[in-house]
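Below: one structure, written as structure tokens.
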Amino acid sequence: MKVLIIGAGIVGAACARSLARRGATVTVIDRGAPAGATSAAGEGNLLVSDKAPGAELDLARYSLGLWASLRTELAAETNGAFASFEYQPKGGVVAASGEAAAAALSRFAEAQRRAGVDARPLSVQEARALEPELAASITSAVHYPEDAQVQPAIATEALLASARAAGARVLAHTTLTGPLRDGAGRLVGVTTSNGPLEADAVLVAAGPWSGEVARTLGATLAVGPRKGLLLVTARMPQRIWHKVYDTSYVGAVQSDERDLATSTVVESTASGTVLIGSSRQDVGFDGTIDVAVLAEIARKAIALMPFLAEATVIRAYGGFRPFSRDHLPVIGADPDLDGLWYATGHEGAGIGLAPGTAELLAAAMLGEPTAMSLDPFAPGRPSLREVA
Amino acid sequence: MSEVVIIGAGPAGLAAALSASAFGARVVVLDAADDVGGQYWRHLPPERPSNHESLLHHGWATFQRMREALAADPNCTVVSSAHVWAIDRGAVHVLVGEADGSDRESRVYRPDALVLATGAFDRTLPVPGWDLPGVFTAGGAQALAKGERVAVGERVVVAGAGPFLLAVAASVVATGASVVGVYEASRATRLVRHWAARPWELAATPAKARELVGYAAVLVRHRIAYVAGHAVTAIEGRDRVESVTVSALDGSWRPIKGSERQLEADAVCLGHGFTPRLELAIAAGCRLSDRRFVEVDAEQRTSVASVFAAGEITGIGGVDLALAEGAIAGHVAAGGGIVDPALRVEVARRRVLRRFARRLARAHVIGENWATWLSDETIVCRCEDVSVADLAAARSATRSSGLRSLKLVSRAGLGPCQGRVCGRTVEALLSARAPEGRLGGASTDRRPIAMPIRLGELARDHEIEAGIPVKGQG
Chain A
142 MKVLIIGAGI VGAACARSLA RRGATVTVID RGAPAGATSA AGEGNLLVSD KAPGAELDLA
202 RYSLGLWASL RTELAAETNG AFASFEYQPK GGVVAASGEA AAAALSRFAE AQRRAGVDAR
262 PLSVQEARAL EPELAASITS AVHYPEDAQV QPAIATEALL ASARAAGARV LAHTTLTGPL
322 RDGAGRLVGV TTSNGPLEAD AVLVAAGPWS GEVARTLGAT LAVGPRKGLL LVTARMPQRI
382 WHKVYDTSYV GAVQSDERDL ATSTVVESTA SGTVLIGSSR QDVGFDGTID VAVLAEIARK
442 AIALMPFLAE ATVIRAYGGF RPFSRDHLPV IGADPDLDGL WYATGHEGAG IGLAPGTAEL
502 LAAAMLGEPT AMSLDPFAPG RPSLREVA
Chain B
-12 MSEVVIIGAG PAGLAAALSA SAFGARVVVL DAADDVGGQY WRHLPPERPS NHESLLHHGW
48 ATFQRMREAL AADPNCTVVS SAHVWAIDRG AVHVLVGEAD GSDRESRVYR PDALVLATGA
108 FDRTLPVPGW DLPGVFTAGG AQALAKGERV AVGERVVVAG AGPFLLAVAA SVVATGASVV
168 GVYEASRATR LVRHWAARPW ELAATPAKAR ELVGYAAVLV RHRIAYVAGH AVTAIEGRDR
228 VESVTVSALD GSWRPIKGSE RQLEADAVCL GHGFTPRLEL AIAAGCRLSD RRFVEVDAEQ
288 RTSVASVFAA GEITGIGGVD LALAEGAIAG HVAAGGGIVD PALRVEVARR RVLRRFARRL
348 ARAHVIGENW ATWLSDETIV CRCEDVSVAD LAAARSATRS SGLRSLKLVS RAGLGPCQGR
408 VCGRTVEALL SARAPEGRLG GASTDRRPIA MPIRLGELAR DHEIEAGIPV KGQG
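Chains A and B, in that order, give the protein sequences.
For what it's worth, the working numbering labels the leading residue of the first sequence as 142, then goes sequentially.
For what it's worth, the working numbering labels the leading residue of the second sequence as -12, then goes sequentially.
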């Protein structure tokens, strides 16, 4: 089976690897260079903590298990070229201030626990033992030992290198220009800036640009951009030991509001910097780094960990998350155009969900049984179509 | 009365301020240093005045005249120690105070017009051993000499490319150090071809010629050798610089085998031209040219209608061109027209000086094979300790031609200097070997946070705006 993948971000790279290792003939195209957009603009979150019970949480738990084994698999598959992609199973700590937030967090964690998540309620003293720098205003916290982190650009390149080792071809700087259809209207490939490419299946893994790509191919997909901004500090001696969030994280990820939302996540990276996020704005593909948004991120980070007020910020960067209306990824075949598939719409969770998405997609595309049902992620689901 | 904010108080910024004020605008000049003058007229702090500045600085009298005029001008306010850290949709965000002070004041300006005169910093190509103590950028050595009167060593080698090397050698000699030699990478034939072509143009820029002749005279007086077609291709020493290897270069700057000789030295100043400071122009939305300078029209207007640019960020051209461009930019930013009689002289000067700048650029262009003097162990990014071999490993593991991913994989350019020192070098080393011969992705010039800022400062309410004050009214 010949598969053409559009997009060399983490989802395209993971799908290329899963398909190529199953024997498919894989070509990945990207209009730029691999790992150059959304996959290079995030924290590298592998999270269960922010997910309510349901299909996305199930996918996250499946996918986090795959990440744990990828750590050794990718090193072997790339002959040691990617000995590390900074995988850190460091766990997360969600901290609440005030009674209302504490109660909401407690209810959320209880529901997650029933769904099988390791969510451990902490007293203030226990929370401070894990994260000594937490603000005095913290009233309760929950520890999520399963949360982890990778350096997403390196992880993407490692997946892609593994895919290449399994026979996949990666064509950078190759822009999609239109569909190739046969007499029956079936999609049998694409035309590109570097000529036509035939395929038995075309997979859209173009992140926030997936809606545009689908349109170019003659289909409709309600996936578009949500801007996010992040801050990076200078290297410092380590004072943050887990991924640490305030309780607005859950709220922002699951909100439908169009304006600015910020929720705080702070964490140290393997290189010694601290990442401070993050925001979420519905402003199309406007990449401006807004000072007011950075200020809001800074205020909330200081509220969570006051010592950060003295930390030196050396960089701000932004990117676009692939947003789907019902906050679920889109994985599977297009309901109308034969030959067209999707793996996209993961919003801020694409790094964590990529390996699971890829395994499910590859199995479904090749007619094998899938490890879990893809129905909740079906591109034709009604909750995705209710878009003006 | 229109309000004009000028960023940078070097030659271009000062000229823009005086000319905008002369046309009737109210002007604020924002500058990060603690006194005006920029890198070019960097001098001892006011509490340590010197009678010898005029000997160290070309055009010192011009500077004194401009500084006095500015101080006496009721419509001009100079804000020193003003660190512009972001430009967001026309709003200029500034922190005022010592760079490492804890009580810097936040200000936001929303002027009618903005003049960017942010200048350039000197570019240094890596050389094996360039991370040893005792190696200075040419600009750094000159700043120490001009701003602190500090000698970088006793036996100093100056090497790189461009007429700036002469200025650096002259400054170093003035601190009492001995300069072993000045090594210019461009070969004499190239220098002569471009310097001596159309001599009438050179004659039309007497100030520029006088400046260079002055530096050359210093070299002659101190018996300092000026050697073209040579480079420092390695720096040796255990804990600090002890010697340098100087090699003859071919026309592409590839060292010629067998030409190496070792010279004893305890300090090296390296400079290979200048890189424009583009981050604020990029943040303001200004389009860049293919050669990566800010694109301006005849009025010095950028692609953003209310934003003007003058001086080195529009092309490396030296002090006189910066003065002419600044005067034009300030006048038009204040509402004047390019055909106004007040600009006639400056427009004519700019034409001549730009030709001179093109001549310089061609004479001292970086040779395409300079990287052949690197070894695998040579550090490229000093902040993050990334070597030539590390960059090559990132490239071969990813086969990537994308700058963003290659930076994240290798960590080159991700440290505190944010690629200001190594950015262009990293791009050059990676693009020379990119599989498709091109490098995609963001450039190393893009820095939305234009200088480091404490999170506590970032957290303030940035809606508080600073009006442009009239002197005497606060």
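Heads up, the beta-carbon is just placed ideally off N, CA and C, and yes, glycines get one too.
Straight-line gap, residue i to residue j (C-alpha atoms, nearest Å)
i, j, result
"residue 314 of chain B", "residue 274 of chain B", "22 Å"
"residue 174 of chain B", "residue 237 of chain B", "8 Å"
"residue 405 of chain A", "residue 212 of chain A", "28 Å"
"residue 291 of chain A", "residue 71 of chain B", "34 Å"
"residue 332 of chain B", "residue -1 of chain B", "16 Å"
"residue 216 of chain B", "residue 207 of chain B", "19 Å"
"residue 91 of chain B", "residue 80 of chain B", "12 Å"
"residue 258 of chain B", "residue 267 of chain A", "55 Å"
"residue 18 of chain B", "residue 161 of chain B", "27 Å"
"residue 101 of chain B", "residue 422 of chain A", "28 Å"
"residue 146 of chain A", "residue 176 of chain A", "14 Å"
"residue 300 of chain A", "residue 178 of chain B", "50 Å"
"residue 215 of chain A", "residue 401 of chain B", "25 Å"
"residue 393 of chain A", "residue 268 of chain B", "For residue 393 of chain A, the pLDDT reaches just 46, beneath the cut-off of 50, and the residue's location in the model is therefore unreliable, although a value from the coordinates is still provided. So the alpha carbons of these two residues sit roughly 33 Å apart."
"residue 244 of chain A", "residue 278 of chain A", "15 Å"
Close-in-space but distant-in-sequence residues of the same chain around residue i (CB under 6 Å, 5 per side omitted)
i, result
"residue 143 of chain A", "166, 340, 341"
"residue 312 of chain A", "170"
"residue 508 of chain A", "none"
Three-way DSSP call (helix, strand, coil) for residue i in this model
i, result
"residue 124 of chain B", "strand"
"residue 149 of chain A", "coil"
"residue 81 of chain B", "strand"
"residue 421 of chain A", "strand"
"residue 23 of chain B", "coil"
"residue 482 of chain A", "strand"
"residue 460 of chain A", "strand"
"residue 231 of chain A", "coil"
"residue 409 of chain A", "strand"
"residue 0 of chain B", "helix"
"residue 72 of chain B", "strand"
"residue 448 of chain A", "helix"
"residue 496 of chain A", "helix"
"residue 315 of chain B", "helix"
Neighbourhood of residue i by C-beta distance below 7 Å, restricted to the same chain and skipping five residues each side
i, result
"residue 243 of chain B", "234, 235, 236, 237"
"residue 316 of chain A", "172, 333, 334"
"residue 29 of chain B", "130, 133, 134"
"residue 135 of chain A", "Outside the displayed range of chain A (142 to 529) lies residue 135 of chain A, so it cannot be described from this structure."
"residue 128 of chain B", "139, 155, 159, 256"
"residue 461 of chain A", "179, 349, 366, 367, 368, 426"
"residue 205 of chain A", "187, 189, 287, 289, 493"
"residue 536 of chain A", "Here chain A comprises residues numbered 142 to 529, so residue 536 of chain A is not present and cannot be evaluated."
"residue 447 of chain B", "93"
Beta-carbon contacts of residue i that lie in its chain and below 8 Å, excluding the five residues immediately before and after
i, result
"residue 290 of chain B", "272, 273, 274, 282"
**Item:** Runs of beta strand (DSSP E) lying entirely within the segment 319 to 398 of chain B, each at least 3 residues, in chain order
**Value:** 366 to 368
**Request:** Note down, in chain order, all residues in the segment 377 to 399 of chain B with a beta-carbon under 9 Å from any beta-carbon belonging to chain A.
**Result:** 380, 381, 383, 384, 385, 386, 387, 388, 389, 390, 391, 392, 393, 394, 395, 396, 398
**Prompt:** Taking Cβ-Cβ distances below 7 Å as the criterion, which residues of the segment 223 to 240 of chain A are in contact with chain B?
**Reply:** 223
**Prompt:** Residue ranges of each alpha helix (DSSP H) run of no fewer than 4 residues wholly in the segment 273 to 334 of chain A, ordered along the chain?
**Reply:** 293 to 306
**Contact set between the segment 77 to 100 of chain B and chain A, restricted to residues whose Cβ is under 8 Å from the partner** = 78, 80
**Prompt:** Between the segment 158 to 180 of chain A and chain B, which residues of the former have a C-beta closer than 7 Å to a C-beta of the latter?
**Reply:** 173, 174, 175, 176, 177
**Minimum length 4: unbroken alpha helix (DSSP H) runs contained in the segment 331 to 391 of chain A** = 351 to 357
**Asked** Between the segment 430 to 445 of chain A and chain B, which residues of the former have a C-beta closer than 7 Å to a C-beta of the latter?
**Response** 430, 431, 432, 433, 435, 436, 439, 440, 442, 443
**Message:** To be precise: take each residue of the segment 193 to 212 of chain A, compare its Cβ to all Cβ atoms of chain B, and keep it if any distance is under 8 Å. Which residues remain?
**Reply:** none
**Asked** At which residue ranges does the segment 257 to 308 of chain B contain complete alpha helix (DSSP H) runs of 4 or more residues, listed in the order of the chain?
**Response** 266 to 270
**Request:** Could you list the residues in the segment 349 to 377 of chain B with a C-beta less than 7 Å from some C-beta on chain A, going in chain order?
**Result:** none
**Request:** Determine which residues of the segment 281 to 304 of chain A have a Cβ less than 9 Å from any Cβ of chain B, and write them out in chain order.
**Result:** 292, 293, 294, 295, 297, 298, 299, 301, 302
**Prompt:** the segment 446 to 457 of chain A: which residues have C-beta closer than 9 Å to a C-beta of chain B, in chain order?
**Reply:** 449, 450, 451, 452, 453, 454, 455, 456, 457
**Request:** Report the residues of the segment 263 to 281 of chain B with a CB closer than 7 Å to any CB of chain A, ordered along the chain.
**Result:** none
**Request:** May I have a chain-ordered list of the alpha helix (DSSP H) segments no shorter than 4 residues that lie completely inside the segment 155 to 185 of chain B?
**Result:** 175 to 183
**Request:** Anything in the segment 15 to 26 of chain B with a Cβ closer than 9 Å to a Cβ of chain A? List those residues in chain order, please.
**Result:** none
**Request:** List in chain order: all unbroken beta strand (DSSP E) runs of 3+ residues lying wholly within the segment 188 to 234 of chain B.
**Result:** 212 to 215, 217 to 223
**Request:** Could you pull out every unbroken alpha helix (DSSP H) segment of at least 4 residues lying fully inside the segment 168 to 233 of chain A, listed in chain order?
**Result:** 196 to 218
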